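A.B. asks:
Protein chains: 2
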Amino acid sequence: MLSVEEAFRTIVGQFRPLETERVPLREACDRVLAEDVRSPEPVPPFDNSAMDGYAVRFEDTLGASAGAPVALFVVGEVPAGRAPEARVEPGTAVRVMTGAPMPEGADAVVMREDTREHPDRVEVLLPAEHGEHVRRVGDDIPADSRVLEAGTVLNPSALGVLASIGVGRIAVVRRPRVALLATGDELVELGQPLGPGQIRNSSAHALEAAIAAMGAVPVPLGIARDDRAELTAKLHEGARADLLVTTGGVSVGDYDLVREVLTSLGQLDLWRVNMQPGKPLAFGHIDGCPVLGLPGNPVSSMVAFELFVRPAIRRLQGHTALAHARVPVVLDAPMTKKNARRQYLRAVVRLVDGAFHADLTGPQGSHMLTSMARANALVILPEGTRSYAAGDRVEGHLLGEGALFENRDSDAV
Amino acid sequence: MLSVEEAFRTIVGQFRPLETERVPLREACDRVLAEDVRSPEPVPPFDNSAMDGYAVRFEDTLGASAGAPVALFVVGEVPAGRAPEARVEPGTAVRVMTGAPMPEGADAVVMREDTREHPDRVEVLLPAEHGEHVRRVGDDIPADSRVLEAGTVLNPSALGVLASIGVGRIAVVRRPRVALLATGDELVELGQPLGPGQIRNSSAHALEAAIAAMGAVPVPLGIARDDRAELTAKLHEGARADLLVTTGGVSVGDYDLVREVLTSLGQLDLWRVNMQPGKPLAFGHIDGCPVLGLPGNPVSSMVAFELFVRPAIRRLQGHTALAHARVPVVLDAPMTKKNARRQYLRAVVRLVDGAFHADLTGPQGSHMLTSMARANALVILPEGTRSYAAGDRVEGHLLGEGALFENRDSDAV
Chain A
-12 MLSVEEAFRT
-2 IVGQFRPLET
8 ERVPLREACD
18 RVLAEDVRSP
28 EPVPPFDNSA
38 MDGYAVRFED
48 TLGASAGAPV
58 ALFVVGEVPA
68 GRAPEARVEP
78 GTAVRVMTGA
88 PMPEGADAVV
98 MREDTREHPD
108 RVEVLLPAEH
118 GEHVRRVGDD
128 IPADSRVLEA
138 GTVLNPSALG
148 VLASIGVGRI
158 AVVRRPRVAL
168 LATGDELVEL
178 GQPLGPGQIR
188 NSSAHALEAA
198 IAAMGAVPVP
208 LGIARDDRAE
218 LTAKLHEGAR
228 ADLLVTTGGV
238 SVGDYDLVRE
248 VLTSLGQLDL
258 WRVNMQPGKP
268 LAFGHIDGCP
278 VLGLPGNPVS
288 SMVAFELFVR
298 PAIRRLQGHT
308 ALAHARVPVV
318 LDAPMTKKNA
328 RRQYLRAVVR
338 LVDGAFHADL
348 TGPQGSHMLT
358 SMARANALVI
368 LPEGTRSYAA
378 GDRVEGHLLG
388 EGALFENRDS
398 DAV
Chain B
-12 MLSVEEAFRT
-2 IVGQFRPLET
8 ERVPLREACD
18 RVLAEDVRSP
28 EPVPPFDNSA
38 MDGYAVRFED
48 TLGASAGAPV
58 ALFVVGEVPA
68 GRAPEARVEP
78 GTAVRVMTGA
88 PMPEGADAVV
98 MREDTREHPD
108 RVEVLLPAEH
118 GEHVRRVGDD
128 IPADSRVLEA
138 GTVLNPSALG
148 VLASIGVGRI
158 AVVRRPRVAL
168 LATGDELVEL
178 GQPLGPGQIR
188 NSSAHALEAA
198 IAAMGAVPVP
208 LGIARDDRAE
218 LTAKLHEGAR
228 ADLLVTTGGV
238 SVGDYDLVRE
248 VLTSLGQLDL
258 WRVNMQPGKP
268 LAFGHIDGCP
278 VLGLPGNPVS
288 SMVAFELFVR
298 PAIRRLQGHT
308 ALAHARVPVV
318 LDAPMTKKNA
328 RRQYLRAVVR
338 LVDGAFHADL
348 TGPQGSHMLT
358 SMARANALVI
368 LPEGTRSYAA
378 GDRVEGHLLG
388 EGALFENRDS
398 DAV
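Residue numbers (the numbering used here), protein chains in the order written: chain A, -12 to 400; chain B, -12 to 400.
(1) Relative to the C-alpha of A:E(-7), which candidate in A:V111, A:I300, A:L268 and A:H272 has its C-alpha closest?
(2) Compute the distance between the beta-carbons of A:A42 and A:F60, then report whether it is under 9 Å.
(3) List the residues of chain A that B:S144 touches, going by C-beta distances under 7 Å, in chain order.
(4) Counting C-beta neighbours from all protein chains within 10 Å, is the total for A:P306 16 or more, i.e. buried, or is it exposed?
(5) Touch check for the segment 75 to 90 of chain A and the segment 42 to 52 of chain A: three-plus C-beta pairs under 8 Å?
(6) Which parts of the segment 234 to 294 of chain A are runs of the beta strand (DSSP E), unbroken and 3 residues or longer, counting only runs that do not cross its ends?
(7) Against chain B, does A:E28 count as a neighbour if the rule is that its beta carbon must be under 9 Å from one of theirs?
(8) So what does DSSP say about A:V154, is it helix, strand or coil?
(9) Quick check: the Cα distance between B:M322 and B:M359, rounded to an integer number of angstroms?
(10) DSSP on A:L177, reduced to helix/strand/coil?
(11) Going along chain A in order, which residues have a C-beta closer than 7 Å to the C-beta of B:A196?
(12) Would you say B:I273 reaches chain A, if we count a Cβ-Cβ gap shorter than 9 Å as a contact?
(13) At what residue ranges does the segment 186 to 223 of chain B contain a whole run of the alpha helix (DSSP H), taking only runs of 4 or more?
(14) Under 9 Å, do A:L194 and B:P143 count as touching if we go by C-beta distance?
(15) Quick check: A:L113 and A:A55, are their CB atoms within less than 9 Å of each other?
(16) Grouping DSSP H, G and I as helix and E and B as strand, with all else coil, what is B:V75?
(17) Leaving aside the five residues before and after B:M(-12) along the sequence, list all residues of the same chain whose C-beta is less than 7 Å from its C-beta, in chain order.
(18) Measuring CA to CA, which of A:S190, A:P163, A:V121 and A:Q351 is closest to A:V175?
(19) What residues from the segment 178 to 189 of chain B come within 7 Å of chain A, judged by C-beta to C-beta, listed N to C?
(20) Distance cutoff 9 Å, beta carbons only. Does A:V121 sit that close to anything in chain C?
(21) Report yes or no: do the segment 223 to 235 of chain B and the segment 163 to 180 of chain B share at least 3 C-beta pairs separated by less than 8 Å?
(22) May I ask which residues mark the beginning and end of the alpha helix (DSSP H) holding B:D297?
(23) State yes or no: is the beta carbon of B:F33 nearer than 9 Å to at least one beta carbon in chain A?
(24) What's the call for B:D398, buried or exposed, on a 16-neighbour Cβ count within 10 Å?
(25) Among B:V134, B:T7 and B:T234, which has the Cα closest to the Cα of B:D213?
(26) Looking at chain B, which residues of the segment 162 to 175 of chain A have a Cβ within less than 8 Å of any of its Cβ atoms?
(27) Return yes when the Cβ of B:I152 is within less than 9 Å of the Cβ of A:S401, no when it is not.
(28) Does any C-beta atom of chain A lie closer than 9 Å to the C-beta of B:V134?
(29) Taking the continuous alpha helix (DSSP H) assigned at A:L356, which residues delimit it?
(30) Alpha carbons only, please: which of B:Q351, B:A345 and B:V57 is nearest the one belonging to B:N363?
(31) Which full runs of the beta strand (DSSP E) of 3+ residues lie inside the segment 98 to 130 of chain A, going along the chain?
(32) For the segment 323 to 339 of chain A, which residues have a beta carbon sitting closer than 7 Å to at least one beta carbon of chain B?
(33) What residues match up with B:V317 in a beta bridge as DSSP calls it?
(34) Who are A:G40's beta bridge partners in DSSP?
(35) Verify whether the separation of the beta carbon atoms of A:G184 and B:A67 is less than 9 Å.
(36) Let's test the definition: count the other Cβ atoms within 10 Å of the Cβ of B:G182 and tell me whether it reaches 16, buried, or not, exposed.
Written out as structure tokens, the structure reads:
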């Protein structure tokens, strides 16, 4: 049996970032920048005041104090967004608003709070230092400097940075299209009546949501019956995407046709991975398209998605950080392993005094998707058989931001 | 000056979840369920086999061993998705695939691996226990049980659970519409040339992306000039949304009209909050719509968004966990506070051996949005003045999933 790490390396190692496309900022959030961006303009674009106050020559204010203020003639005013008209000569000052361009001749700003204001003059109560409260041109971004590197994940602030230098369209890695095919005669689609021996297709809905939530484009292909011709047609259709994910039919049962059809259409490796849930896993190619065959049980398919499909898609998206973090967690209840495979148990983790504590979300059968719906992390019990006591430390695999939001209703609202 | 906690309580305490709407599963991910969901059908819908193997009467297999196997006549076969035709009588077995309904008369399944198979009979090599490898009807979800509670955040697996019980549309809290208005004569929109004294509108782009990324609907209103009539019209327009967010014009400068117009149109409180960046903050109502007035500096507006706007929007969305988590962080470099206000410094945190370590992202001027673009957390230096040494522990406010992805390129791909 392959280890989880061997399966991860083999699968994810075959994926490369997709080609790039140029999109407006509005469509670029959380995507990966595909080019270095140099600034066509400096930010700020001119020396400006960091405060509401008076632009002065700092030398004029030396020796000023509340007891012996320095009086300066006010020769003009500059609101933000206007060009200064007056020039600061020795013995004069210009009133400036935050963000207003510095008038010629001035080399410092005195905050309004450090003055006494009169109609035509101002008394300065503190000496200013050279450059004080002045933001210099290019202070944040010098002109023609590299602002963002290819490979940067564009968060909202990065998009603000691009807007600040006048860049409105940007090259990013395009969104992967991920085809989803559920297989099995026992599956019935939403809205259809359940026949004898039939169950509802649930994995496809969960996987579709997970793919969309990570910024890829799901291409749902519905259900393929256990019929060679239908399966072949659907697999070719799915192979037009950037990745084809199937559920079911990869075990060793007589009716597990996916394995057989995949092998005859393309190239397929079927593995048993040393983990529970999610032992059977298929990986291969059809028509040049990578195919990941997940188990049919809904929990198994979601765990396999998290461990193998998510990192593969993130690689297609151009990310280098591929997997959700593993963190040390303290077990709040004892746990016993029933076999030697590495176990991934559905859990709720909470931050308590800076440490993650984990509690299971109920019965852990791999057909019990409710346990996964309540989880925000997977507790990892390593290979081998043993029991764990409450208070033991193991690793937890966080499933997203869920563990990172705090309920401050009680203490703060 | 208000503390951050006082401002949080006053603002967020005024928000309540919006009304609900019924949407298909595809539109429900990460949204808050607005009703208890009871299961119209049990999951699984019938007793079924957890393994590929043979459905038997467990009493028939007692005493079986590899040396003395028990032979049973095979009287039928049930693939998944079919109704069983044969009945298991004493001395017989029915071949079953994983997920196949249990035939009448059978009360256990023997795994294929624990048998020797022959054309018409099977030798059982181990005794079965009553109920072994049988998943009982309603094992995951009993019929007419409460499956999900109102208030649940619908993750992909929860959507799978809903699909598994045939529920295709669901009542969730509707998405908040958040109007965004930038103000100031100095601002120029993307694609326009910069005039003297002008800078580009960057905050609006960053805020729009942040609002969209959290599942709310941004309504960008562009830039309002420092003109009473224009500002009044735009504020009334924005007040048709569920929340109106403005940037700029809330300081005490002569041209900070937002404060003045807001006060005359509705009700407004202007505060200084004991924090840096982001000291000036306005909150009030126009035409019954809550208004949050953020500072004009891009970093200040993003920090204020994170501390006050995000929790307010999450409350509108029906969430009870409102704020990103604060975690203990170890400082990797010394830091000095320059004033007594609580400081929020832009930082990169990394998990090292289970502890978050923080490093600043460069100069921290509140006009320097690049420092925010590189950050995945805010380091919080509490009120008071002191210096912090490398290795000191303070609190960090995580900015999202960024800190939770691991780069496994080097060790695993």
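For each residue, glycine too, the CB sits at the ideal point set by N, CA and C. All figures in this text were calculated on a predicted structure; none of them were measured in a lab.
C.D. replies: According to the structure shown:
(1) Ranked by how close their Cα comes to the Cα of A:E(-7), the residues A:V111, A:I300, A:L268 and A:H272 have A:L268 in first place.
(2) No. Outside cutoff.
(3) Within 7 Å Cβ-Cβ: A193, M289, L356, M359 and A360.
(4) At residue 306 of chain A the sequence reads His, which differs from the Pro that was named. Label assigned to A:H306: buried.
(5) At 8 Å Cβ cutoff, the stretches touch.
(6) Counting only runs of 3 or more residues that sit fully inside the segment 234 to 294 of chain A, the beta strand (DSSP E) segments are 254 to 259, 267 to 273 and 276 to 281, in chain order.
(7) Chain B, which has a Cβ nearer than 9 Å to the Cβ of A:E28, makes this yes.
(8) Assignment of A:V154 by DSSP, reduced to helix, strand and coil, places it in the coil class.
(9) Computed Cα separation, rounded: 17 Å.
(10) Coil at A:L177, not helix or strand.
(11) For the C-beta of B:A196, the chain A residues within less than 7 Å are, from N- to C-terminus, C16, P143 and L146.
(12) Residue-level contact check: B:I273 does not touch chain A, since none of the beta carbons of chain A fall below 9 Å from its beta carbon.
(13) Here the runs fully enclosed are 190 to 200.
(14) A distance below 9 Å separates the beta carbons of A:L194 and B:P143.
(15) In this structure, the beta-carbon distance from A:L113 to A:A55 does not fall below 9 Å.
(16) Correct three-state label for B:V75: coil.
(17) For B:M(-12), where only same-chain residues beyond five positions count, the Cβ hits under 7 Å are R259, V260 and N261.
(18) Answer by Cα proximity: A:S190.
(19) Under the 7 Å Cβ criterion, the segment 178 to 189 of chain B contributes G178, L181, P183, G184, Q185, I186, R187, N188 and S189.
(20) Included in the structure are the protein chains A and B, with no chain C among them.
(21) Between the segment 223 to 235 of chain B and the segment 163 to 180 of chain B there are three or more C-beta pairs closer than 8 Å, enough to call the two in contact.
(22) The sequence given here has Arg at residue 297 of chain B, not Asp. Counting along the chain, B:R297 sits inside the alpha helix (DSSP H) bounded by residues R297 to L303.
(23) So yes, B:F33 belongs to the interface.
(24) Any reading at B:D398 needs caution, since the residue's pLDDT is 41, under 50, leaving its predicted position unreliable; the model's value is listed next. Classification of B:D398: exposed, given that the 10 Å Cβ count is below 16.
(25) Cα-wise, what sits closest to B:D213 is B:T234.
(26) Only G171, D172, E173 and L174 from the segment 162 to 175 of chain A bring a Cβ to less than 8 Å from some Cβ of chain B.
(27) It is not possible to answer for residue 401 of chain A, since the shown part of chain A is limited to -12 through 400.
(28) B:V134 counts as touching chain A.
(29) Where A:L356 is concerned, the enclosing alpha helix (DSSP H) starts and stops at L356 to A360.
(30) Nearest C-alpha to B:N363: B:A345.
(31) Assignment of beta strand (DSSP E) within the segment 98 to 130 of chain A, counting only whole runs of 3 or more residues, yields 102 to 104 and 108 to 111 in chain order.
(32) Within the segment 323 to 339 of chain A, the qualifying residues are L338.
(33) According to DSSP, B:V317 bridges with B:H344 and B:R380.
(34) Note: A:G40 sits in a beta bridge opposite A:V83 and A:M98.
(35) Less than 9 Å separates the beta-carbon of A:G184 from that of B:A67.
(36) With fewer than 16 other Cβ atoms within 10 Å, it is exposed.
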